[in-house]
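Everything in the sequence shown is counted per the working numbering, starting at 633 for the first residue and increasing by one. Beta carbons are placed, not taken as given, at the ideal position from N, Cα and C, and that holds for glycine.
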Amino acid sequence: CPRAVAPEPLSLDNTLWAGTVLASGEALALVLYTGTDTRGAMNSAPPRSKVASVDLQVNLLAKVLFGLTASTALAMVAVPFIQRAASSRLASAEMSQQLLQALLDFCRFLLLFSSIIPISLRVALDMAKLVYKLQMTSDARMPGLQVRSSTLPEELGGIDFLLTDKTGTLTRNEMLFRKLHLGFAFLSPQTLGEAQAAVAHAAAGEDDAPPPEGASSDLGEGGGGGGGGGGGASG
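Next up, the structure:
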């Protein structure tokens with residue numbers, strides 16, 4: 633008779649998270665959450681559109697100037713209209729005609745004052761970004777540079793602090809010997825040659841020193857080893 637299989641409750645040990653790869657075998661699974669209901673999709677925030685600070689300043693300036701233009705045109709139309717309405721009583725037909733004329737005058741004043749809004753400034757900024765991009769890519773001091781964003785020059789000009797995680801991200805990974813302080817001695821590239829000459833002279837003096845008299849070669853080698861060990865201990 634077939635052996636009865638004991639039921640096993642589902643837990644985290646029986647869960648395959650998104651992106652799991654089976655090394656071997658097969659798995660029979662039931663998909664519970666898909667699309668935007670997955671944990672990864674719910675934890676991810678929508679991407680934020682990046683706008684340069686200069687663009688934000690130009691947009692704010694354009695909005696302020698447009699509001700100033702509209703308010704000025706409205707004042708130029710509203711003041712004469714109110715004066716005419718207060719001086720004489722207008723009929724309904726005349727009132728509608730005056731309102732239409734005021735609307736036309738408002739549009740005319742908007743066109744007259746539209747030169748206050750610097751529309752050409754946006755075009756000038758775009759042309760300047762193109763020139764900066766060509767100058768950066770053709771600079772011989774930065775070979776292989778690729779400008780992938782037109783807002784790169786102005787963003788570089790707005791940097792106050794630069795933080796990097798490790799060496800090699802913004803450096804060349806070249807270590808140069810500058811100074812060495814041992815507590816009792818100070819070495820630098822200027823004094824390194826003298827230290828090397830002193831070490832070489834000491835090593836040559838030890839090699840040329842004759843063995844002590846009355847000692848065999850084995851004892852001499854042993855004494856030399858002991859002297860070397862003493863030198864290492866003193867160092």
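Other residues of its chain near residue i: CB distance less than 8 Å, five sequence neighbours each side excluded
i, result
"residue 758", "782"
Cβ-Cβ separation, residue j to residue i (assumed contact under 8 Å), whole Å
i, j, result
"residue 684", "residue 738", "No, residue 684 and residue 738 are not in contact; Cβ-Cβ is about 34 Å, not under 8 Å."
"residue 751", "residue 701", "Between residue 701 and residue 751 the Cβ distance is about 12 Å, and since that is not below 8 Å, they are no contact."
"residue 667", "residue 659", "The Cβ separation is near 21 Å, so there is no contact."
Cβ-based neighbour list, residue i, same chain, cut-off 7 Å, excluding 5 preceding and 5 following
i, result
"residue 645", "none"
"residue 834", "none"
Endpoints, alpha helix (DSSP H) assigned at residue i
i, result
"residue 766", "751-769"
"residue 789", "784-789"
"residue 671", "671-675"
Among the options, nearest to residue i - alpha-carbon criterion
i, options, result
"residue 747", "792, 697, 712, 830", "697"
"residue 822", "812, 816, 787", "812"
"residue 753", "773, 768, 687", "687"
"residue 662", "647, 653, 825", "647"
"residue 787", "797, 707, 764", "764"
"residue 762", "772, 776, 780", "780"
Rounded C-alpha distance that separates residue i from residue j
i, j, result
"residue 712", "residue 731", "12 Å"
"residue 655", "residue 756", "59 Å"
"residue 642", "residue 665", "16 Å"
"residue 814", "residue 826", "16 Å"
"residue 733", "residue 710", "11 Å"
"residue 856", "residue 797", "Reliability fails at residue 856, whose pLDDT of 42 lies under 50, so the model's placement of it is uncertain and no value is given."
"residue 681", "residue 728", "47 Å"
"residue 808", "residue 832", "23 Å"
"residue 810", "residue 816", "17 Å"
"residue 760", "residue 829", "59 Å"
"residue 678", "residue 650", "20 Å"
"residue 707", "residue 726", "21 Å"
"residue 670", "residue 653", "17 Å"
"residue 616", "residue 805", "In the structure as shown, the chain starts at 633 and stops at 867, and residue 616 therefore has no counterpart that could be examined."
"residue 768", "residue 690", "24 Å"
The ligand COA heavy atom lying under 7 Å from the CB of residue i
i, result
"residue 767", "Inclusion of the ligand COA in the displayed structure is not the case, the ligand content being empty and no account of it being possible."
Spatial neighbours of residue i in its chain, beta-carbon cut-off 6 Å, leaving aside the 5 residues before and after
i, result
"residue 795", "none"
"residue 785", "764"
"residue 741", "705, 708"
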